[in-house]
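Residues 1 to 141, numbered by UniProt numbering, are exactly what the sequence shown covers, in order.
These notes are about the structure you will find just below.
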Amino acid sequence: MTVELTVLALAALLQGVQFMLMAVPANIELAPGDTLSPRDRDKLGGDLVDKLSPRTARLYRALNNHFEALILFTIAVVVVTLGGQSSALTQACAWVYLGARVLYIPAYAFGWVPWRSLIWFVGFAATLLMVLAALVQAGQL
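Printed below as a string of structure tokens:
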């Protein structure tokens with residue numbers, strides 16, 4: 001297994017941890033009828049996330065952001081791995097991505113401005129650099 005695939009597996013586990021960090025307080029804060037419902041906005045009187053405390057709502061948004069970031073990171077790992085282009089650079093970028101995602105959780109939860117956005121950008125840039133490095137190493141760019 002490549003280092004990049006290992007980091008992808010760890011990022012998936014982080015996603016599970018992140019879900020629990022959001023779901024536990026959300027289930028404490030919301031009524032069971034809300035959490036067990038089909039979550040129709042008109043029946044709930046608005047969006048469910050609007051009923052959460054500010055910190056839990058931030059954890060919800062951070063979770064959604066990781067779903068989005070994980071898609072691009074997965075593409076980068078697939079390109080590197082299937083292209084046989086794993087290198088010290090792509091491996092370092094993968095670890096940087098994971099580190100950024102770990103730091104992003106408290107940065108979002110506690111409203112660290114401007115650090116949250118900078119941490120996000122580090123993970124995003126590391127992911128794009130993985131793809132670029134794979135393309136350059138393969139002679140495609």
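Ideal Cβ placement from N, Cα and C applies to all residues, glycine included.
Sequence-distant residues of its chain with Cβ nearer than 7 angstroms to residue i (five each side left out)
i      : result
Leu5   : Val77 and Thr81
Val102 : Leu14
Extent of the continuous alpha helix (DSSP H) run through residue i
i     : result
Met22 : Val3 to Glu29
Gln85 : Careful: Gln85 lies outside any alpha helix (DSSP H) and carries neither H nor E.
Contacts around residue i, its chain only, beta-carbon distance under 6 angstroms, and the 5 residues preceding and following it disregarded
i      : result
Val131 : Ala76 and Val79
Ala57  : Val49
Gly111 : none
Thr127 : Leu72, Phe73, Ala76 and Tyr97
Ala138 : Gly83 and Gln85
Tyr22  : Here the sequence assigns Met to residue 22, which means Tyr is not the residue at that position. Result list for Met22: Leu59, Tyr60 and Leu63, in chain order.
Ala100 : Ile119, Val122 and Gly123
Where residue i falls: helix, strand or coil (DSSP)
i      : result
Phe110 : coil
Ser117 : helix
Gly123 : helix
Leu59  : helix
Asp47  : coil
Gln140 : coil
Leu52  : coil
Spatial neighbours of residue i in its chain, beta-carbon cut-off 8 angstroms, leaving aside the 5 residues before and after
i      : result
Glu29  : Lys51, Leu52, Ser53 and Thr56
Tyr104 : Ala62, Asn65, His66, Arg116, Ile119, Trp120 and Gly123
Pro106 : Trp112
Quick check: the stretch 92 to 108 against the stretch 44 to 52, are at least 3 beta-carbon pairs closer than 8 angstroms?
With contact defined as three or more Cβ pairs closer than 8 angstroms, the stretch 44 to 52 and the stretch 92 to 108 are not in contact.
Please determine if the stretch 55 to 69 and the stretch 82 to 89 are in contact, where contact requires at least 3 C-beta pairs separated by less than 8 angstroms.
Output reads no: the stretch 82 to 89 does not touch the stretch 55 to 69.
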